[in-house]
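Heads up, the thing below is written out as structure tokens.
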Amino acid sequence: MKILTFDIEDWWIYEHYQIGSKLNWLPRLDNYLARILDLLDIREIKATFFVLGEVAKNNPEVVKRIDARGHHIGCHSYSHTFWRNAKPDEVVKDTKIALDVIENCIGRKVNAYRAPAFSITEQNKWILSILAENGIEYDCSIFPATRSYGGFPTYSTKEPAIIEIDGYQIKEFPMAPVTILGHEIVYSGGGYFRLFPYWKIKSLVEKSDYVMTYFHIKDFDKHQKRFYSSFESESALLRYVKNYCGLSGNFGKFSKFIFEFDFISLEQANALIDWRQLPIIRL
Ligand SMILES: [Zn+2]
Numbered sequence: 001m002k003i004l005t006f007d008i009e010d011w012w013i014y015e016h017y018q019i020g021s022k023l024n025w026l027p028r029l030d031n032y033l034a035r036i037l038d039l040l041d042i043r044e045i046k047a048t049f050f051v052l053g054e055v056a057k058n059n060p061e062v063v064k065r066i067d068a069r070g071h072h073i074g075c076h077s078y079s080h081t082f083w084r085n086a087k088p089d090e091v092v093k094d095t096k097i098a099l100d101v102i103e104n105c106i107g108r109k110v111n112a113y114r115a116p117a118f119s120i121t122e123q124n125k126w127i128l129s130i131l132a133e134n135g136i137e138y139d140c141s142i143f144p145a146t147r148s149y150g151g152f153p154t155y156s157t158k159e160p161a162i163i164e165i166d167g168y169q170i171k172e173f174p175m176a177p178v179t180i181l182g183h184e185i186v187y188s189g190g191g192y193f194r195l196f197p198y199w200k201i202k203s204l205v206e207k208s209d210y211v212m213t214y215f216h217i218k219d220f221d222k223h224q225k226r227f228y229s230s231f232e233s234e235s236a237l238l239r240y241v242k243n244y245c246g247l248s249g250n251f252g253k254f255s256k257f258i259f260e261f262d263f264i265s266l267e268q269a270n271a272l273i274d275w276r277q278l279p280i281i282r283l
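Position 187 of the sequence shown, counting from 1, maps to 187 under the UniProt record's numbering, and the rest follow consecutively.
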């Protein structure tokens, strides 16, 4: 199965990096969102959109528009804090506010979550029980490999499974990294989707039984302002390449991807899976 997901957070990111105000960015980003929604309608594809609580609060019309087109709305936290060093109180507070705002916006219970930057790790896996306690049924936060802002390399599967933790159960849909030249990477979204040639992405998808994608609107915005301080260090240069290379043709590449493969939302995936056949992972 191929699951299509988006993280809707860009209105926050631009002010964070001091490269423009949310008000200036809204019309153009909104334009890309409209194109994505139209494309999905043409293909009759439903996706899961993980929205930031802050977007639901400040730009509720954006979330309502996605919801009105029949897509599944999940939560991407309220504040986009990376949870690596978080304390339980902070996560509880952020999660409750985010769910409250998003649920008020769409008038429905939210049942899916993705942590900012996939930042649920071996050290803070207790976050999963906070999510379950707050009514989250599906989580998409685990990146089962090493990663700069998180990563859970000891997590034992790259496919959906039921996690049992502190007496709670939660259905986990992890990212599915592949090993290329000795590195575990995720090609199905973000920087690597832009950088890899389409034929490579296509062949990787064709070989996979389970594909979890993650796109952002800024992945397509070729005229966005670019944030960089200097290229003095190798890591700064690498970050710039990962953030901005391949932007100009990316919406075309994405459209081809959407036309060539059948995608489903997390809710549709959940209905297709016979969970009794899948392993229970006790954390
Ligand atoms: Zn994010």
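Ideal Cβ placement from N, Cα and C applies to all residues, glycine included.
Note that the structure is predicted; figures quoted are calculated from it, not measured.
Express the C-alpha separation of E159 and D209 in angstroms, rounding to a whole number. So the two alpha carbons sit approximately 9 Å from each other.
Around ligand 1, Cβ to any heavy atom closer than 5 Å, ordered along the chain: Any residue whose Cβ sits closer than 5 Å to a heavy atom of ligand 1 makes the list: D7, E9, P116.
So G53 is in the alpha helix (DSSP H); what residue range does that whole segment cover? Counting along the chain, the alpha helix (DSSP H) containing G53 begins and ends at 53-58.
Alpha-carbon to alpha-carbon, F6 and E61: Approximately 17 Å between the Cα atoms of the pair.
Neighbourhood of S37 by C-beta distance below 6 Å, restricted to the same chain and skipping five residues each side: The identity of residue 37 in the sequence shown is Leu, whereas the question assumes Ser. Excluding residues up to 5 positions away in sequence, R69 lie with their Cβ nearer than 6 Å to the Cβ of L37 in the same chain.
Stretch-stretch touch, CB-based, cutoff 8 Å, three pairs: the stretch 146-165 with the stretch 244-260: With the cut-off at 8 Å, the stretch 146-165 and the stretch 244-260 do not touch.
Near N111, which residues of its chain fall below 7 Å by C-beta distance, leaving aside the five closest residues on each side in sequence? The answer, listed in chain order, is G135, I136, E137, Y138.
Closest residue to V178 among F143, E172, P197 (Cα-Cα distance): Of the listed residues, the one whose Cα sits closest to V178 is F143.
Sufficient close CB pairs (3 or more, under 8 Å) joining the stretch 36-51 to the stretch 83-91: Taking 8 Å as the limit for Cβ pairs, the verdict is that the stretch 83-91 does not touch the stretch 36-51.
If you run the structure through DSSP and keep just helix, strand and coil, what is G249? Three-state result, G249: coil.
Exposure label - T146; buried when at least 16 CB within 10 Å: Under this definition T146 is an exposed residue.
With DSSP run on the structure shown, which of helix, strand or coil describes R147? The three-state secondary structure of R147, taken from DSSP, is strand.
Helix or strand or just coil, what does DSSP make of C75? Note: C75 maps to strand in three-state DSSP.
Runs of 3 residues minimum, wholly inside the stretch 151-182: which ones carry the beta strand (DSSP E) assignment? 161-165, 168-172, 178-180, all fully within the stretch 151-182.
Counting C-beta neighbours from all protein chains within 10 Å, is the total for K200 16 or more, i.e. buried, or is it exposed? Label assigned to K200: exposed.
Where H76 and V91 are concerned, what is the direct C-alpha to C-alpha distance, given to the nearest angstrom? Roughly 12 Å between the two C-alpha positions.
Tell me whether I136 sits in a helix, a strand or coil according to DSSP, three-state version. Reduced to three states, the DSSP call for I136 is coil.
Where A215 falls, given that 16 or more other Cβ within 10 Å makes a residue buried: What sits at residue 215 in the sequence shown is Phe, not Ala. Buried.
So D7 is in the beta strand (DSSP E); what residue range does that whole segment cover? From DSSP, the beta strand (DSSP E) with D7 extends over 5-8.
If you run the structure through DSSP and keep just helix, strand and coil, what is V110? DSSP places V110 outside both helix and strand once states are collapsed to three, so it counts as coil.
Pull up the distance between the alpha-carbon of K171 and that of R65, whole angstroms please. Rounded to whole angstroms, K171 and R65 show a C-alpha spacing of 27 Å.
Between H71 and ligand 3, is the CB less than 6 Å from at least one heavy atom? In the structure on display, ligand 3 does not appear, and the ligands it does have are ligand 1.
Can you check which of these residues, I130, H72, D274, is closest to K93 by C-alpha distance? When only C-alpha atoms are compared, the closest one is I130.
Alpha carbon to alpha carbon, what distance is there between I217 and H72? Using only the alpha carbons, I get a separation of about 17 Å.
Along the beta strand (DSSP E) that carries I201, what are the first and last residues, could you check? That residue, I201, is in no beta strand (DSSP E); its alpha helix (DSSP H) goes 198-206.
To the nearest angstrom, how far is the alpha carbon of L4 from that of F263? L4 and F263: Cα-Cα distance of roughly 6 Å.
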